[in-house]
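Enquirer: Just so you know, we're using the numbering used here here: the sequence shown kicks off at 9 and counts up by one. Glycine included, each C-beta is placed from N, C-alpha and C at the ideal position. Following this message is one structure expressed as structure tokens.
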Amino acid sequence: MELREEASGMVLGELVGLRAMGPADAGALWRWNHDPEVMRWMKDGYAQPLARTEKWLAERPGNAYGDLLLGIESLSDGVLVGLVRLHGAEPETGCAELDIYLGEKAYWGRGHATDAMRTVCRYGFEKMRLHRISLTVVEENHAARRVYRKVGFVEEGRLRQSFRRDGRWYDKLVMGLLEGELR
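See the structure below:
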């Protein structure tokens, strides 16, 4: 499938559009980051006031090659359902790291995460000219691992006991996708 962009800068998938995030998105981001079910398999840090999230989004440098933060918007109803980030990208290496999550639980299991992954990876390979995209995922996060494998990511390594939740240590898996492997 070919990369599609609107004049507004939104990158279109089949179910989602990826767009720049701004201060108006702070409420949703704050809510997701304070939802234990959403943050189950992610580093969640400490509770922050909504004003701090608003300030962070307002003062965050604009999107650039080295750090691209995009909201995931459902094309069917325009709801912001999550976010995706490509960061650590360097033109010299053609590599970037990917973070993604869907915060709106009503959209879980409906294909939005898979479409967002395909869309952002396509953007990374075609627009940014990346050669490799990598991520880490807690081994017990089976839903995320299914999505990553579905779009072509392969397991490349293991970070033993590197994530702690509910008094237990979990391994994290390192997964990677090379240009030309996207499904």
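1. Could you give the residue range of the beta strand (DSSP E) that holds residue 107?
2. Give a yes or no on contact between the segment 95-102 and the segment 146-164, applying the rule of three or more CB pairs nearer than 8 Å.
3. For the segment 60-141, which segments carrying the alpha helix (DSSP H) assignment without a break, of at least 4 residues, lie completely within its bounds, in sequence order?
4. In angstroms, rounded to a whole number, what distance separates the CA positions of residue 131 and residue 186?
5. Are residue 162 and residue 81 touching if we call contact CB-CB under 9 Å?
6. By the three-class DSSP mapping on this structure, what secondary structure does residue 151 have?
7. Helix or strand or just coil, what does DSSP make of residue 27?
8. Compute the Euclidean distance between the alpha carbons of residue 183 and residue 167, then round it to the nearest angstrom.
9. Leaving out five residues before and five after residue 138 in sequence, what residues of the same chain have Cβ atoms less than 6 Å from its Cβ?
10. Can you pull the DSSP bridge partners for residue 177?
11. Need the endpoints of the alpha helix (DSSP H) that residue 37 sits in, please.
12. Taking 9 Å as the cut-off, decide whether the C-beta atoms of residue 75 and residue 92 are in contact.
13. Would residue 255 pass as a contact of residue 119 if the rule is Cβ separation under 9 Å?
14. If you check the beta carbons only, do residue 89 and residue 129 fall under 9 Å apart?
15. In the DSSP output, what is residue 183 paired with across the bridge?
Expert: The short version:
1. 103-110
2. no
3. 120-134
4. 13 Å
5. no
6. helix
7. strand
8. 11 Å
9. 102, 104, 132
10. 172
11. 34-41
12. no
13. With the chain represented from 9 up to 191, any question about residue 255 goes unanswered, as that position is not in the structure.
14. no
15. 143, 163
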